[in-house]
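Structure first, then comments.
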Amino acid sequence: MDSDGTQDTRGTQANPVPRPAGPPRIPPRPADAPGTPPRPDGSAFLTWLRTARPEALPGVWRFGHRPRPEEEPERIPGRQLISGALIAFLVGWLIWSLLWNGYVGGWWLLPLYAMIPDSWASPHSFASVVVVYAYYVLIALIIMIGVGRLGRWAEIWRRYGPPAWNRQAAPRTERPPTPDQDPAEWPQLRAAGAVDAAERLTSEARSGLMRDVDHARISRAWQGVRSGRHTLAAFTGAVLKDGSAACLHPSGARDLPARLARHDLLTGQVRLGTTADDPRNPYAYRGAGLGLDPDLLGTSLLAVGPAGSGKTGTLVRPLAESLCLHALAGRAAVVVVGAAGAGLGPVDAYDVVVRIGNPESVYDLDLYGGTADPDEAAAVLAEALVGDLADPHPGNDSRRSTTVLAQLLGPFRAVHGRFPSVPELRQLLDGAPGPLDTLRKALQGSGQESLIRELDSRERQLAHPGDVAPVLADRVALLDRPAFAGFFDTSGQSRPFSLKALDHPVRVRIDLPERGHADASRMLARLVLAQFTASVSAREDRSLFACLVLDDASGVVTPEAVRGIQRLRSANAGVVLTLRTLDDVPRPLRGPLLGAAGCRMALSGLTPWDGQDFAEVWGKEWTEARDVTDRQIIAETPAGKALHMVRRVITGKAPTQRAVTVRQVERERWSASELAHGLPAGHAVLSLTNVKGEHAPPLLVDLRS
């Protein structure tokens with residue numbers, strides 16, 4: 270076994286993902302800091318592997334996490350705690366002084382006299398002295414315990430005593446795991462009888478030849494053995510032959526050229542920031558790291574924030590980097606779409622880079638999604654061309670556009686064995702008689718009368734006032750430009766990439782030519798989104814997580830796109846969409862889009878109108894409201910009036926009586942005003958939902974830490 274399905278030659282396109290020649294580049298191990306003793310090879314990797322990762326709430330960074338209680342404990346202010354302890358000590362000292370000096374009489378000695386025998390009554394006997402002083406110590410301990418509990422001395426000891434010093438000074442030491450619990454020993458392989466493979470992997474981990482991607486990739490291959498896709502003998506043979514380099518990704522890479530974010534491939538998380546220590550956050554989340562994983566991205570994520578709020582740098586780039594690492598481990602397939610030069614990662618981090626409009630691009634984009642079905646191709650293409658013009662209600666133009674395209678694509682493919690290129694499709698939509706007559710003549714006598722009837726129907730609709738073909742032709746004209754002359758070729762002369770390849774762990778980046786071609790870029794983004802939702806839903810093997818990261822989804826959200834996003838969760842797939850403002854989405858689609866995305870992020874700088882939409886989708890919660898009122902006290906007697914006058918002269922205020930009313934009220938979790946004006950720079954409010962249905966309330970997150 271060479272791979273966990275990562276090197277299978279399943280042809281979804283004419284030119285598969287390229288495999289670079291030569292051995293993979295292995296980055297050098299970082300040197301120890303000056304002055305530190307040399308450590309054994311692999312110690313850093315073993316420390317990372319053995320670090321505790323306790324189960325936590327959705328979105329909590331689990332690497333080294335220390336769980337906190339879900340409810341905030343009652344914490345007394347330090348000044349009040351110390352003053353209360355001092356007062357309790359003085360009260361205890363006073364009680365003891367009164368007893369010792371006999372100011373309260375000798376009644377407290379009666380139990381002592383009742384218990385000792387008459388032979389001990391002599392005050393100078395040794396037994397009498399011992400018993401009396403023991404009784405004094407007992408009474409003193411009772412007084413001390415009582416005032417200690419009242420003064421909360423134990424809390425002062427924990428907060429300011431040696432226990433607090435030890436927590437701050439001494440590092441947390443954990444007991445080394447037993448061999449059957451040590452992940453570096455690969456106990457699951459040993460339990461299944463693959464002892465030789467486990468020994469080889471353990472040896473390479475200790476010698477520093479294994480890294481986190483290798484561990485994740487081999488663990489993924491072992492899952493294939495457990496599920497029956499591969500045999501134990503093939504897995505063991507591959508590990509004994511290649512060690513930690515077994516089951517390589519088709520590209521041969523074992524890591525990315527560079528990493529900017531913190532990743533934990535053992536849990537699949539990427540760290541985005543820190544949950545703020547804010548009263549509006551649940552206590553269990555405060556101060557914890559924020560991490561996202563495929564379980565959360567499987568419900569899709571929508572991020573809204575103005576330009577410069579950090580959508581690309583603090584969200585899109587780390588997520589794309591994490592998904593590329595998952596792809597190298599054989600766990601995911603990722604497609605990242607953005608403007609050229611948007612900072613979506615180096616070229617070497619991807620297997621396929623499609624630069625639309627760039628003559629130096631090695632790959633082309635398949636306009637029809639790699640399908641051979643004219644109806645499917647027509648539906649996807651219609652969504653890209655006129656999806657943003659369609660009415661979000663039943664009976665829209667998208668269905669009529671699909672019908673028009675199907676009437677042309679079916680006959681053309683039957684005649685030529687391929688779909689039309691962009692210039693040919695434009696001519697067909699313009700209704701020029703020459704191309705239609707050519708298709709009809711080629712179909713006559715071929716026994717495909719149904720396709721001839723399609724052409725006849727198309728010709729009858731040409732003169733109809735409501736024909737949508739002219740609109741489609743105008744949209745196709747946006748792609749029939751000199752900048753795109755070498756792209757969208759259907760003759761087999763180029764290397765088109767199709768999203769049908771998402772059943773492989775492939776890393777794809779698509780650069781859109783926004784400068785000078787904004788309308789075409791939005792149309793191509795809709796095309797990629799439509800092809801993605803159609804392709805991942807038709808996959809036979811859904812064990813591979815597929816994700817589309819779309820940087821700037823302005824003009825991309827359509828009614829069909831929202832319906833497609835809703836279906837992704839069951840297909841083990843998700844999308845990440847970013848918007849500058851919700852105004853880029855038609856008003857009838859804003860609510861459905863926010864409802865379709867399980868994870869929603871509002872970044873700083875949001876407009877109040879966008880904040881209102883987020884406030885509505887996040888809903889309200891019951892909270893405790895305290896109303897404090899001051900009522901002036903009116904004296905009725907001359908002495909009372911004189912006392913009030915003196916108090917007013919001293920304090921400058923009239924005597925009042927304070928009344929506190931506590932009631933339960935329902936308030937918005939985050940109001941539109943707070944989202945628009947209360948978020949500091951570099952912060953965001955994020956709500957999370959995973960594929961299991963577990964969710965986290967809106968959290969204030971610092972994306973800079």
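Note that the numbering used here has the sequence shown beginning at 270, numbered continuously upward. Where is the CB? At the ideal position from N, CA and C, for every residue including glycine.
Relative to Val605, the option among Leu771, Trp891 and Gly656 whose CA is nearest is Leu771. Rounded to the nearest whole angstrom, the CA to CA distance from Thr906 to Val416 is 42 angstroms. Within 10 angstroms of the beta-carbon of Pro432 lie fewer than 16 other beta-carbons, which makes it exposed. Arg486 sits away from Leu315, with the two beta carbons spaced by 8 angstroms or more.
Look at Cys868 here: in three-state DSSP terms it is strand.
Per DSSP, the unbroken beta strand (DSSP E) holding Ile779 starts and ends at Arg776 to Leu781. Counting C-beta pairs with one atom in each stretch, the stretch 489-507 and the stretch 523-540 have fewer than three that are closer than 8 angstroms, which means they do not touch. Take Arg418, set aside five residues on each side of it, and no residue of its chain has a beta-carbon closer than 8 angstroms to its own. With a cut-off of 8 angstroms on Cβ pairs, the stretch 552-559 is not in contact with the stretch 510-524, counting fewer than three such pairs.
Using a Cβ-Cβ distance cut-off of 8 angstroms, the stretch 584-602 and the stretch 725-732 are not in contact, since fewer than three pairs of beta carbons, one from each stretch, lie closer than that value. Selection Tyr554, Thr544 and Arg319 evaluated against Gln450 yields Arg319 as nearest (Cα-Cα). Fewer than three beta-carbon pairs drawn from the stretch 802-819 and the stretch 849-860 are found closer than 8 angstroms, and the two stretches are therefore not classed as touching.
Using a 10 angstroms sphere on the CB of Met870, the tally of other CB atoms reaches 16 or more, which defines it as buried.
Around the beta carbon of Ala641, fewer than 16 other beta carbons sit within 10 angstroms, so the residue counts as exposed. Around Arg791, the same chain offers Gly824 as residues with beta carbons nearer than 6 angstroms, after the five sequence neighbours per side are excluded. Under the rule that a run must span 4 or more residues, the alpha helix (DSSP H) segments found entirely inside the stretch 838-914 read 856-865 and 877-887. The Cβ atoms of Arg750 and Val655 do not sit closer than 8 angstroms to each other. For His946, the enclosing alpha helix (DSSP H) stretches over residues Ala941 to His946.
Here Gly785 carries a coil assignment [DSSP, helix/strand/coil]. Judged by DSSP secondary structure, Thr471 falls within the alpha helix (DSSP H) whose first and last residues are Val464 to Arg475. Along the stretch 795-836, the alpha helix (DSSP H) occurs as fully enclosed runs of 4 or more residues at 828-835, listed in sequence order. For His952, the enclosing beta strand (DSSP E) begins and ends at His952 to Thr958. Annotated as distal: Pro765 and Asp620, with beta-carbon spacing of 8 angstroms or more. Ala799 is the residue among Pro346, Leu781 and Ala799 whose C-alpha sits nearest the C-alpha of Leu837. Measuring C-alpha to C-alpha distances from Glu890 to each of Ile903, Glu935 and Ala928 identifies Glu935 as the nearest. Out of Thr827, Leu875, Gly843 and Val844, the CA that lies nearest to the CA of Arg859 is found in Thr827. Short of 8 angstroms from the beta carbon of Thr536, and not among the five residues preceding or following it, lie these beta carbons of its own chain, in chain order: Arg322, Arg331, Phe332, Gly560 and Asp562.
About 6 angstroms separates the beta carbon of Val970 from that of Thr544, a gap short enough to meet the 8 angstroms contact definition. Straight across, the Cα-Cα distance linking Thr958 with Leu863 is about 12 angstroms. For Gly607, the closest alpha carbon among the candidates His773, Ala313, Ala325 and Val845 is that of Val845. Unbroken alpha helix (DSSP H) runs of no fewer than 4 residues, entirely contained in the stretch 700-767, are found at 702-712, 718-731 and 738-746, following chain order. Leaving aside the five residues that flank Val777 on each side, the residues in its chain whose CB is nearer than 6 angstroms to its CB run, in chain order, Val604 and Val621. Residue pairing by DSSP places Thr930 opposite Asp896 in a beta bridge. For Ala787 and Ala463, the gap between their C-alpha atoms comes out near 56 angstroms. Beta-carbon to beta-carbon, Pro526 and Ala618 are separated by about 6 angstroms, close enough to satisfy the 8 angstroms threshold. Below 8 angstroms, too few C-beta pairs join the stretch 924-931 and the stretch 953-968 to call them touching: fewer than three.
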